[in-house]
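These notes concern the structure reproduced below.
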Amino acid sequence: MAHLASGKLAENILILDLRKIDSAPSDFFVICTALSTSQSKAIFEEIYVTLKNKDIDTPKTEGTDSMDWILLDYFDVVVHIMSVEARNYFKLERIWSDAKFLTIENDEIVDFDKNILKEIYLVPTV
Numbered sequence: 000m001a002h003l004a005s006g007k008l009a010e011n012i013l014i015l016d017l018r019k020i021d022s023a024p025s026d027f028f029v030i031c032t033a034l035s036t037s038q039s040k041a042i043f044e045e046i047y048v049t050l051k052n053k054d055i056d057t058p059k060t061e062g063t064d065s066m067d068w069i070l071l072d073y074f075d076v077v078v079h080i081m082s083v084e085a086r087n088y089f090k091l092e093r094i095w096s097d098a099k100f101l102t103i104e105n106d107e108i109v110d111f112d113k114n115i116l117k118e119i120y121l122v123p124t125v
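Here the sequence shown stands for residues 0 to 125, numbered as in numbering that gives the first Met the number 0.
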């Protein structure tokens, strides 16, 4: 899902591995930023249609009317497509700072250094 978002030029893509957090609502969050409502729609459609074509269950969705924060809930994975303003306001990375953070670099999923976020969101580092 993160690769699909990357293919639509989503920015600041993070994958949060929530499996070791008891109260987590899913196993993973994929969080990305869209710079416009048309980009939000394109990212949403890319993920939705691609996974539907692979016979993956249709997700619960929210936010497609405003495109400010779109949520696709695939149960084990929840995708958050957020505007810059919504991402800066809600700071999901801070709320779930106990998660393991991953990102995409050169089409590979790699560990993400939380120290980078510390300056932006004041996320405690482990």
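Backbone N, C-alpha and C define an ideal beta-carbon position, used for all residues, glycine too.
How about residue i and residue j: do their beta carbons lie closer than 8 Å?
i   : j    : result
L91 : I20  : no
I46 : A4   : yes
L15 : W95  : yes
A1  : I103 : yes
H79 : F27  : no
Could you check the C-alpha separation between residue i and residue j for me, to the nearest Å?
i    : j    : result
L17  : D75  : 10 Å
K40  : S22  : 30 Å
K99  : L13  : 10 Å
D72  : I42  : 14 Å
A9   : N52  : 21 Å
P24  : L70  : 13 Å
S35  : V48  : 20 Å
V109 : N11  : 13 Å
Q38  : E44  : 10 Å
F111 : M81  : 19 Å
D106 : K7   : 13 Å
F89  : L101 : 19 Å
Identify the continuous alpha helix (DSSP H) that holds residue i and give its terminal residues.
i   : result
I42 : 36–52
L17 : Neither: L17 is in no alpha helix (DSSP H) and is coded neither H nor E.
A4  : 1–6
Go to residue i, then tell me how far its beta strand (DSSP E) extends in each direction, as first and last residue.
i   : result
A33 : 27–33
Subject >> the stretch 76–90 contacting the stretch 61–68, beta-carbon criterion three pairs below 8 Å >> reply: Counting Cβ pairs under 8 Å, three or more are found: they touch.
Original post:
In chain order, which continuous runs of the beta strand (DSSP E) of length 3 or greater are located wholly inside the stretch 55–117?
Top reply: Note on the stretch 55–117: whole beta strand (DSSP E) runs with a minimum of 3 residues are 59–61, 68–72, 76–82, 99–104, 107–110, in chain order.
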